[in-house]
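In what follows, a single structure is set out as structure tokens and then discussed.
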Amino acid sequence: MPTDRPRDNVAASTVDRLLRTFADLGACPPEGEPDPGADRRRPLPLGAQLPLWRAKKIERFIAANLDRTLSLETLASQVQLSCNHFARACKNTLGVTPRQLVLRHRIDRAQVLLRDTATPLGEIALICGFADQAHFSRKFRQEVEATPSDWRRRNRAASN
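All residue numbers for the sequence shown refer to the working numbering, where the first residue is 196 and numbers rise by one.
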């Protein structure tokens with residue numbers, strides 16, 4: 196019985212391709228470098244990542260609906276996944292939870308509005324989906340480490 200069967204070659208090349216893909220995604224350290232989290236991290240279960248088309252779809256959906264309440268159920272239904280599977284896959288693929296992803300989009304939109312318009316902070320808060328100006332200011336300060344008005348002052352001056 197030959198030891199070098201075509202089936203073994205296909206399996207080996209598939210494994211090599213998967214390892215290169217995981218390394219490209221940052222799931223594995225580059226060759227020769229130690230993996231600082233190797234003892235803490237469990238291997239990802241199959242299917243616990245969002246395919247590229249689903250990741251792009253959810254990013255577009257969030258960007259288009261920032262002024263709405265975006266629950267985990269709403270986001271998961273957009274990509275036809277259960278809430279638990281979507282939350283796990285989002286964290287594994289994008290590195291953030293769905294809630295953090297929505298917050299990141301809201302803060303990014305707010306920064307564009309703060310830099311490019313004279314819209315009052317209260318209106319920006321509502322446009323970006325925050326409950327009110329205080330909620331917006333608190334979350335903005337946590338993420339950006341500056342208040343919205345200070346950030347606007349620094350970034351409008353820098354762009355002029």
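Just so it is clear, CB atoms sit at the ideal spot from N, CA and C, and this is done for glycine as well.
Computed from a prediction, not measured in an experiment: that's the story for all the values here.
Residue i vs residue j beta-carbon contact at 8 Å
| i | j | result |
| --- | --- | --- |
| V274 | R301 | no |
| F281 | L270 | yes |
| Q328 | A320 | yes |
| R310 | N260 | no |
Contacts around residue i, its chain only, beta-carbon distance under 6 Å, and the 5 residues preceding and following it disregarded
| i | result |
| --- | --- |
| A284 | A243, Q244, L245 |
| D234 | Reliability fails at D234, whose pLDDT of 48 lies under 50, so the model's placement of it is uncertain and the value that follows must be treated cautiously. Hits under 6 Å: none found. |
| T314 | L308 |
| T312 | none |
Reduced DSSP secondary structure (H/G/I, E/B, other) of residue i
| i | result |
| --- | --- |
| R263 | coil |
| S277 | coil |
| C285 | helix |
| P343 | helix |
| Q295 | helix |
| T314 | coil |
| D303 | helix |
| A250 | helix |
| Q337 | helix |
Spatial neighbours of residue i in its chain, beta-carbon cut-off 7 Å, leaving aside the 5 residues before and after
| i | result |
| --- | --- |
| S344 | L316 |
| V297 | I257, L265 |
| R304 | L261, C323 |
8 Å Cβ shell around residue i - same chain, five flanking residues per side excluded
| i | result |
| --- | --- |
| R262 | One point to set straight first is that residue 262 is Asp, not Arg, in the sequence displayed. Within the same chain, D262 has close Cβ partners L321, I322, C323, G324. |
| V339 | I302, Q306, W346 |
| L267 | C278, F281, A282, P293, R294 |
Classification of residue i by the beta-carbon crowding that lies within 10 angstroms, buried from 16 upward
| i | result |
| --- | --- |
| R333 | exposed |
| L276 | buried |
Sufficient close CB pairs (3 or more, under 8 Å) joining the segment 252-266 to the segment 292-310: They touch, by the three-pair rule.
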